[in-house]
Structure formats: C-alpha cells, structure tokens
Amino acid sequence: MHHFELVDYQIQRESLVDRFSDPSCGAFVSFEGWVRNHHDNRPVSHLFYESYPELAMSEGQAVLQQALAKYQINSAICIHRLGSLQIGDMAVWVGVNAAHRDAAFQACRYVIDDIKARVPIWKKEFYLDSQESKWIGSEVKSL
Amino acid sequence: MHHFELVDYQIQRESLVDRFSDPSCGAFVSFEGWVRNHHDNRPVSHLFYESYPELAMSEGQAVLQQALAKYQINSAICIHRLGSLQIGDMAVWVGVNAAHRDAAFQACRYVIDDIKARVPIWKKEFYLDSQESKWIGSEVKSL
Amino acid sequence: MDNSVLSKTVCLKYFSQFAERTGKTTEEWLTEAITVEALWIELDKQYGFELDISAVRPAVNHQFCDWKMAINHRDIISFIPPVSGG
Amino acid sequence: MDNSVLSKTVCLKYFSQFAERTGKTTEEWLTEAITVEALWIELDKQYGFELDISAVRPAVNHQFCDWKMAINHRDIISFIPPVSGG
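If you read the protein sequences in the order shown, they are chains A, B, C and D. Count the first sequence with the numbering used here and you get residues 1 to 143, in order. Count the second sequence with the numbering used here and you get residues 1001 to 1143, in order. Count the third sequence with the numbering used here and you get residues 2001 to 2086, in order. Count the fourth sequence with the numbering used here and you get residues 3001 to 3086, in order.
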C-alpha cells in the first residue's frame, strides 16, 4: 500500500499510523518535518508552501512506488501540507512499515530525501528581521 | 533531554511526541517495534517481556546519553513495554528530534540497535502451532 | 508556407520564483518554438529568470519531459525551478 | 584460618532462560568463589545453563562488571543471558 497526499490542514499522525496496522510487520519508522524558527542563521517567522498539484501528485506517488520496489517494506505513506505554516507546524509526514527495521529505516529515509529532491513543492520563508520574504530553492540543502 | 522508561501499559505515542516540541528542530524521527504474528517461520500467538529493571534503566539511559553525545540531536526518548503483549501491540517506541534529518535518522537507528543489543530485556514467544514457549536470546537477530 | 501553421498557443504555468518574476501564475503564449528548450530561451529573454537551464526541469501536460520535447498547440507547459518541499 | 571467613552469602537474581532453568528468580547462595567468573562456573555446574560464558554478561549490584570482579558478602549478582528486547 502506498499513499501520497497534499493537504491544506494540520497533519494528524495518529490516524495515519492506524492505517499501517499489519500483524506481519514488526517495524514502523516515521519522519516528521517541522517548521524551524531559523534557517541559514536567519530568524524565520513563518512559511508558505505551494505546489504544482498534478505534477506533485504523480511525482510523490512515483517516489513511494520506487521505495516499495527498492526495499522490503509493506506500506509507505507521505503527506505534505501546503499554505501558510507557523513555527512548530508539521510540514511533511512520512511513515513506512516492514517486517524488519533495516528496510523501514532505509525506505523512510529514501522517501523523504526523494520527496525533497524531486516533488514540485516550494517553500517561501518569511523573516523576523526583515520585511522581505524568499522562495527557497536555488540552494539545495537538507532540512 | 533524554528519557528512558519501562511501562506495563499501552504506549501512547501522541503524548510522547508532544514532549519533543522545539522551535529549533526541523526533523523528528521515530521507530516503533510492533509484535509480529511470525518469527523464524513460526506463527506467534503472543509475547511476554520481562526485564531486570534497575540494570535496564541504567543501560537504557546510557544508550540515550551516548546517542546525544554522538549525534547532533536535541532530545531522545525510548519507552519499552513489559508484560504480556498481543500481536500488533507496540513493544518499544523511540523518538529523536534534531535541527536536521540526517542526525535524527542516524540517532534513532543507533538507539533502537543499542537498546536491542544491550538493555536487559527478554522476550518470550508463545506459538500457535505448539504448547511450548521460548525465551528469545540465544540467537541475536534484528527485529 | 503560412507562418501561422508553425505558431502554437500554449498555456504556461508559473510557480514559486517564476510566478514572482512574471507576476503571473498562468499565461497564454503564442510561440513558434519547436522544443521546450527553445521556448525556455524565448521566455528567459522576455522575463530574465536569472536561473541556469541546468537548475530547471521542463514539464509538459503535467509530466516532466526532455528539453528536446516538441511542443504542440494547446500544450500545458511549465518550467520547474529547484524544489524546496519537506 | 577459619573457612567461614572466606565464605560469602550473595543474592542471585535470575532472568529469562536462567530463571526457567533454576526455577527461581532469586536465591541466597553461600560461596567461596573469589570472582564472578568462579561463581558462574560453580552455578553452571549446579544448574547446567547450556550457554557459553562468552554469551553471558555478569552484573554486580545492578551494574555490568568484568568477569574478574571480586565478590563481596551481600553482593547482588546476576548473570545476564543474551537480551532480546525491542
């Protein structure tokens, strides 16, 4: 099972984890990306995420399909939030379950890395120390 | 911040994740170990976990302290459940937050690997295909 | 040969820094460009995107494509600047 | 030399397969063993743990220790079989 989704409301992890319930799986790994109050030594006030929905959906699904093909995992879900986000808000959630933890860890890492590298979603940063805001993307960094 | 705990009731992930709230952290990784319905090709009916509480507490805390020293992470929590567990129950929960995801993934993996390798907790398996039960431990395997 | 035969109207979609640069999120565009690469060069002249082509990925009809992809009339075309989700 | 001077009573704690083997979780044990290693050999003779010493870790007073650790009267001693938490 795999599921990719773009939402404009708060991500609820509990209902997502429930979807992984599987008596054959011993390992579940999840990643959450939270909005930080700083980036490149600048104080961030909030973020805005936009996407190219049609392309983001097909790319996001492709990432999950590739994770399922590459690793011995059972299911993978990724939810990305769009719109205006405040400090501490969850921007992205990735969950993976598997019989064994090695595959679950590797696949979860693979999914978030590829989501960040390939899926057409963009983040605009707003700062506490200036009126300007900036679309992030010219520099490719890890979260 | 680090916290290791042994509990004899159902682990509640939501209240655990709340403890990681930190505006400077962009990444949160968690691992959950679930009771599987099979092990070494045998159908498992349920498990029983016991520990050496005093030693498990000091070893568990040492694992988390070492993770904090080794990786650029902010906090690490590990909760292990003891007693009788049914298929699908969460036996262990590990959570780690960090500014960046690389450290969070590595530290989470380090914690669960070391918890499984070092902390005096033992699992007894009960099977669907026989009356016998077995303490696991002579063979050291990944979950 | 009638020049209008070579002309195509495409629907451009702009995102992120490109939407900011053009001041638009979509645009009808009349072009004689044969490939998406030629169209990028045309638009870059118009708007000055200040981003090397190597950092950009073209997409036609909601799918990533090759820079040599031929353009058809009514295609929905977008140039994807570096992404920053997660 | 009074032999009783060398004798110590220790409190043994058994877990997992060792508790199953001995049928006990704790036991008062009178020993003349100087080190935990000597005590392990003594107990292994008594109960036949069927586990090589290399797979076992000794603990004294709730802390892992070296096999050469000297035993004191009233020590709480446990031999830890391979763990299987998680």
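Glycine included, every Cβ here is placed at the ideal spot set by N, Cα and C.
1. Pull up the DSSP beta-bridge partners for residue 2013(C), would you.
2. Note down, in chain order, every chain A residue with its Cβ under 7 angstroms from the Cβ of residue 2027(C).
3. Buried or exposed: where does residue 1019(B) fall if 16 or more other Cβ atoms within 10 Å of its Cβ makes it buried?
4. Who are the neighbours of residue 1027(B) on chain A, taking C-beta pairs under 8 angstroms?
5. Using a threshold of 9 angstroms, state whether the C-beta atoms of residue 1076(B) and residue 1108(B) are closer than that.
6. Thinking C-alpha only, which one of 3077(D), 3055(D) and 3073(D) is nearest residue 3065(D)?
7. Here's the rule I'm using: 16 or more other beta-carbon atoms within 10 Å means buried, otherwise exposed. How should residue 2031(C) be labelled?
8. When the Cα atoms are used, what is the spatial distance from residue 3001(D) to residue 3008(D)?
9. Between residue 1042(B) and the rest of its own chain, which residues show a CB-CB distance below 7 angstroms, the 5 nearest in sequence each way excluded?
10. Would you call the region 25 to 41 of chain A and the region 1030 to 1044 of chain B touching, i.e. three or more CB-CB distances under 8 angstroms?
11. Counting only beta-carbon atoms, is residue 2(A) nearer than 9 angstroms to chain C?
12. Could you name the residues of chain A that residue 2024(C) contacts, counting a contact when the two beta carbons are closer than 8 angstroms?
13. Rounded to whole angstroms, what is the Cα-Cα separation between residue 1003(B) and residue 3082(D)?
14. Quick one: give me the first and last residue of the alpha helix (DSSP H) that residue 1108(B) is part of.
15. List, in chain order, every chain D residue whose beta-carbon is nearer than 8 angstroms to that of residue 1128(B).
16. Just checking: is the beta-carbon of residue 2062(C) within a distance shorter than 9 angstroms of some beta-carbon in chain A?
17. Reducing DSSP to helix, strand and coil, say where residue 179(A) ends up.
18. Would you list, in chain order, the members of the region 1058 to 1088 of chain B that have their beta-carbon closer than 9 angstroms to a beta-carbon of chain A?
19. State the beta-bridge partners of residue 1077(B) as determined by DSSP.
20. On the DSSP letters alone, give me the boundaries of the beta strand (DSSP E) that residue 1053(B) sits inside.
21. Determine, using beta carbons only, whether residue 1038(B) comes closer than 9 angstroms to chain A.
22. Less than 6 angstroms between C-beta atoms, sequence neighbours within five positions excluded: which residues of the same chain meet that for residue 3012(D)?
23. In chain D, which residues lie less than 9 angstroms from residue 1092(B) when you measure between Cβ atoms?
24. Listed in chain order, which residues of the region 2047 to 2071 of chain C have Cβ atoms closer than 8 angstroms to some Cβ of chain A?
25. What does the Cβ neighbour count give for residue 3099(D), buried or exposed, with the cut at 16 atoms within 10 Å?
26. Check whether the Cβ of residue 1014(B) lies closer than 9 angstroms to any Cβ atom in chain A.
27. Using the Cβ count rule (16 or more neighbours within 10 Å means buried), how would you classify residue 1136(B)?
28. With DSSP collapsed to three states, give me the class of residue 1017(B).
29. Report yes or no: is there a C-beta of chain A within less than 9 angstroms of the C-beta of residue 1045(B)?
30. Just the chain B side, please: which residues come within less than 9 angstroms of residue 105(A) by C-beta, in chain order?
31. So who's on the other strand from residue 1122(B), going by DSSP bridges?
32. Got a sec? Which residues, its chain only, sit under 6 angstroms from residue 94(A) by beta carbon, not counting five neighbours each side?
33. Applying a beta-carbon distance threshold of less than 9 angstroms, which residues of chain C neighbour residue 50(A)?
34. Do residue 1120(B) and residue 3080(D) have their beta-carbon atoms positioned less than 9 angstroms apart in this structure?
35. Per DSSP, what kind of secondary structure is residue 2049(C) in: helix, strand or coil?
36. Could you have a look at residue 136(A) and say whether DSSP puts it in helix, strand or coil?
Once the coordinates are examined:
1. Beta-bridge pairing by DSSP links residue 2013(C) to 2026(C) and 2078(C).
2. Simply none; closest approach about 15 angstroms.
3. So residue 1019(B) counts as exposed.
4. Near residue 1027(B) (Cβ distances below 8 angstroms), the residues of chain A are 31, 32, 33, 34 and 143.
5. A Cβ-Cβ contact shorter than 9 angstroms links residue 1076(B) with residue 1108(B).
6. Among 3077(D), 3055(D) and 3073(D), the Cα nearest to that of residue 3065(D) belongs to 3077(D).
7. Flag for residue 2031(C) reads buried.
8. Confidence at residue 3001(D) is low in this model, with a pLDDT of 49, below 50, so the placement of that residue is unreliable and no value is reported for it.
9. So the list reads 1127 and 1129, once near-sequence residues are dropped.
10. With the rule of 3 Cβ pairs closer than 8 angstroms, the region 25 to 41 of chain A counts as touching the region 1030 to 1044 of chain B.
11. No, no contact with chain C.
12. Correct list: empty, because the minimum Cβ distance to chain A is about 14 angstroms.
13. Roughly 24 angstroms separates the two Cα atoms.
14. In the DSSP annotation of this structure, the continuous segment of the alpha helix (DSSP H) that includes residue 1108(B) starts and ends at 1101 to 1118.
15. Neighbours of residue 1128(B) on chain D: none; closest Cβ ~20 angstroms, over 8 angstroms.
16. Closer than 9 angstroms to the CB of residue 2062(C) there is at least one CB belonging to chain A.
17. In this structure chain A extends from 1 to 143, so residue 179(A) is not present and cannot be described.
18. Those would be 1087 and 1088, in chain order.
19. In DSSP, residue 1077(B) forms a bridge with 1003(B) and 1095(B).
20. Premise fails: residue 1053(B) lies in the alpha helix (DSSP H), 1053 to 1070, not in any beta strand (DSSP E).
21. True, the Cβ-Cβ gap to chain A drops below 9 angstroms.
22. The answer, listed in chain order, is 3027, 3029 and 3077.
23. 3085 and 3086, listed in chain order.
24. Answer set for the region 2047 to 2071 of chain C: 2051, 2055, 2059, 2062, 2063 and 2064.
25. Limits of chain D in this structure are 3001 at one end and 3086 at the other, which puts residue 3099(D) out of reach.
26. Closer than 9 angstroms: yes.
27. Looking at its Cβ environment, which holds 16 or more other Cβ atoms inside 10 Å, residue 1136(B) is buried.
28. The answer is helix: DSSP assigns residue 1017(B) an H, G or I state.
29. Chain A places no beta carbon closer than 9 angstroms to that of residue 1045(B), leaving this residue out of the contacts.
30. Per Cβ cutoff of 9 angstroms: 1029, 1031, 1105, 1108, 1109 and 1112.
31. Checking the DSSP bridge columns, you'll see residue 1122(B) partnered with 1050(B).
32. The residues are 31, 78, 108, 111 and 112.
33. Neighbourhood of residue 50(A) in chain C, by CB distance below 9 angstroms: 2015, 2016 and 2019, in chain order.
34. The answer is yes: Cβ separation under 9 angstroms.
35. Looking at residue 2049(C) - three-state DSSP - the assignment turns out to be coil, as it is neither helix nor strand.
36. Annotated three-state conformation of residue 136(A) is strand, per DSSP.
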